[in-house]
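Taking it in order: structure first as structure tokens, then the write-up.
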Amino acid sequence: MKIKVGIIGTGFVGPAHIEAVERTGCAEVVAVAGSNVEAAQRTARQYGIARAYGDYREMLQDPEIQCIHNCTPNHLHFSINRDIILAGKHVLSEKPLGTSRAETEELVRIAEEAGVVNGVCFNYRHYAMVQHLRAMIADGRLGTIRLIRGHYLQDWLSKDSDYNWRVHPQLGGRSRAVADIGSHWMDTVQFVTGQRITEVFADLATLLPTRRRAKQRAATFAETSAPDFEEVEVHTEDYATLLLRFDGGAVGTVTVSQITPGRKNHLVCEIDGSDASAMWDQEASERLWIGHRDGPNEIVMADPALIAASARPFLHYPGGHNQGWPDGLKNLMLRFYEAVREGAASTDTQSCGFATFAEGHRMQCVIDAMLESHARRQWVSVAYDA
Ligand SMILES: NC(=O)c1ccc[n+]([C@@H]2O[C@H](COP(=O)([O-])OP(=O)(O)OC[C@H]3O[C@@H](n4cnc5c(N)ncnc54)[C@H](O)[C@@H]3O)[C@@H](O)[C@H]2O)c1
45 MKIKVGIIGT
55 GFVGPAHIEA
65 VERTGCAEVV
75 AVAGSNVEAA
85 QRTARQYGIA
95 RAYGDYREML
105 QDPEIQCIHN
115 CTPNHLHFSI
125 NRDIILAGKH
135 VLSEKPLGTS
145 RAETEELVRI
155 AEEAGVVNGV
165 CFNYRHYAMV
175 QHLRAMIADG
185 RLGTIRLIRG
195 HYLQDWLSKD
205 SDYNWRVHPQ
215 LGGRSRAVAD
225 IGSHWMDTVQ
235 FVTGQRITEV
245 FADLATLLPT
255 RRRAKQRAAT
265 FAETSAPDFE
275 EVEVHTEDYA
285 TLLLRFDGGA
295 VGTVTVSQIT
305 PGRKNHLVCE
315 IDGSDASAMW
325 DQEASERLWI
335 GHRDGPNEIV
345 MADPALIAAS
355 ARPFLHYPGG
365 HNQGWPDGLK
375 NLMLRFYEAV
385 REGAASTDTQ
395 SCGFATFAEG
405 HRMQCVIDAM
415 LESHARRQWV
425 SVAYDA
């Protein structure tokens, strides 16, 4: 029997979840909820989904639904996730888990009490070559990890006419670029190295302090060419550079930007060990570069015959049949539904294949430390247990 799923949110990522659920083969979307019934019905018609709700709380009453995916804007994550848990449904939330530490702490607590499977969509760890890199590091093939470096750059907010709810702290949270995309980079490097961020020094900048909002609404990533604009003041960061220290002794740096023309979804992780280094680029996700000092460098291709046994389940096709962003999402859902089938509401996030709410909470602690560091212009320790 397929696991029955409900999706809340019909914007950019909601439909991506619908497609990914269907591609797992082990689950089906039976209902969708939007900000109004017309939006929900449109999406339901497009994807052949049985039921459409204009209010997600009606979906929570649906006894057939076992799992709900929360694909709404950030400011709604806390209240909707809480309602899903209190309705006794398993919950897969889009990131960030909430917009404050108090919110994420409460969500971890009530999810544990309810015993529901809980996950946060840190999807980049579910690419085959990221899994392969994790296996290589665990096997000691890079030696001692010394430096963890990289960037996550996008360009879809680089014009002052680019506007999205994310720029407003009331809707997106106090951090924008770091919470929105930097968190993906941090999750990925923590996952592959097994090292957790303990201290941060942050330099943030809002380089477009005023944006023009089209009076007509636009979906995420959409170009806005409507002539009728109003000016909006922006206080969330377009850019960040973070210096990082990790609990395993590594140090590092990451640059995050949503205003870099030509960089579309350029998440790059570079891991330098004592014996070898490695680089993974999301935009060429089927390749893993391995650097050597005393021999030729290598490029490992995503081919089941060439990668670690633990990474093979993340590849569904032979080498050369390239994997991309929708596949990472599908792989995440496969792991999440496996936990649902096994009734495993694990909070052990490093050994569990997907990030649970506990991991989402820990990411919020890093974001809080990062905001404090920027405000105080000094290093700040991440207070995971405060
Ligand atoms: N994991 C990833 O790679 C990834 C990628 C993109 C977005 N996201 C996350 O997904 C979330 C949504 O982002 P998006 O880009 O899809 O935004 P979006 O603005 O395109 O879509 C949000 C949707 O939520 C709907 N919505 C608002 N209030 C609602 C309510 N009360 N009930 C039901 N629906 C409601 C809106 O109408 C809209 O359709 C964000 O938290 C974002 O961080 C994650």
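Residue numbers for the sequence shown follow the working numbering, beginning at 45 and rising by one.
Note that CB positions come from ideal geometry on N, CA and C, so glycine has one too.
By Cβ distance, which residues of its chain are closer than 6 angstroms to residue i, with the 5 residues on each side in sequence left out?
i	result
residue 162	135, 155, 400, 401
residue 314	193, 194, 323
residue 342	334
residue 87	54, 76
residue 413	244, 424, 426
residue 80	98
residue 407	227
residue 392	Confidence at residue 392 is low in this model, with a pLDDT of 48, below 50, so the placement of that residue should be treated as unreliable; the coordinate-derived value is given next. Within the same chain, residue 392 has no close Cβ partners at all.
residue 214	none
residue 297	193, 287
Please state the DSSP three-state secondary structure of residue i.
i	result
residue 369	helix
residue 109	coil
residue 289	strand
residue 429	coil
residue 322	strand
residue 162	strand
residue 424	strand
residue 91	helix
residue 201	coil
residue 251	coil
residue 417	helix
residue 167	helix
residue 384	helix
residue 281	coil
residue 392	Any answer about residue 392 is weak, because its pLDDT of 48 lies below 50 and its placement is not dependable; what the coordinates show is given next. In the structure shown, residue 392 sits in coil (DSSP, three-state: anything other than H, G, I, E or B).
residue 232	helix
residue 114	strand
residue 242	strand
residue 77	strand
residue 410	helix
residue 227	helix
residue 84	helix
residue 349	coil
residue 256	strand
In the DSSP assignment, find the beta strand (DSSP E) that holds residue i and state where it starts and stops.
i	result
residue 51	47-52
residue 97	95-97
residue 194	189-197
residue 58	Taken as a continuous stretch (DSSP letters only), residue 58 belongs to no beta strand (DSSP E), being part of the alpha helix (DSSP H) at 57-68.
residue 313	310-317
residue 134	134-137
residue 211	First-last for residue 211: undefined, no H or E at that position.
residue 332	331-335
residue 398	Premise fails: residue 398 is in no beta strand (DSSP E) and is neither H nor E.
residue 299	295-301
residue 181	First-last for residue 181: 172-182, but that is the alpha helix (DSSP H), not the beta strand (DSSP E).
residue 343	342-345
Quick one: give me the first and last residue of the alpha helix (DSSP H) that residue i is part of.
i	result
residue 100	100-104
residue 147	145-158
residue 121	121-130
Skipping 5 residues on each side, what residues in its chain have a beta carbon closer than 7 angstroms to that of residue i?
i	result
residue 85	96
residue 139	164, 165, 166, 227, 404
residue 246	284, 286, 414, 417, 418
residue 370	60, 63, 64
residue 294	189, 190, 191, 192, 237, 239
residue 127	101, 104
residue 410	230, 241, 244, 426
residue 116	52, 53, 124
Among residues of its own chain, excluding the 5 on either side of residue i, which ones have a beta-carbon nearer than 8 angstroms to its beta-carbon?
i	result
residue 62	51, 73, 76, 87, 91, 93
residue 129	135, 151, 154, 155, 158, 160, 162
residue 119	143, 214, 215, 216, 217
Less than 8 angstroms between CB atoms is the rule here; does residue i satisfy it with respect to chain D?
i	result
residue 222	Going by chain labels, chain D is absent from the structure shown, which holds only one protein chain.
Counting Cβ pairs, one atom from each stretch, are 3 or more of them under 8 angstroms apart for the region 181-189 and the region 109-116? Counting Cβ pairs under 8 angstroms, fewer than three are found: no touch.
Is it a yes or a no for the region 131-148 touching the region 278-287, going by three-plus beta-carbon pairs under 8 angstroms? Contact between the region 131-148 and the region 278-287 is absent, because fewer than three Cβ pairs lie under 8 angstroms.
Taking contact to mean at least 3 C-beta pairs separated by less than 8 angstroms, is the region 216-227 in contact with the region 368-387? No, the region 216-227 does not touch the region 368-387.
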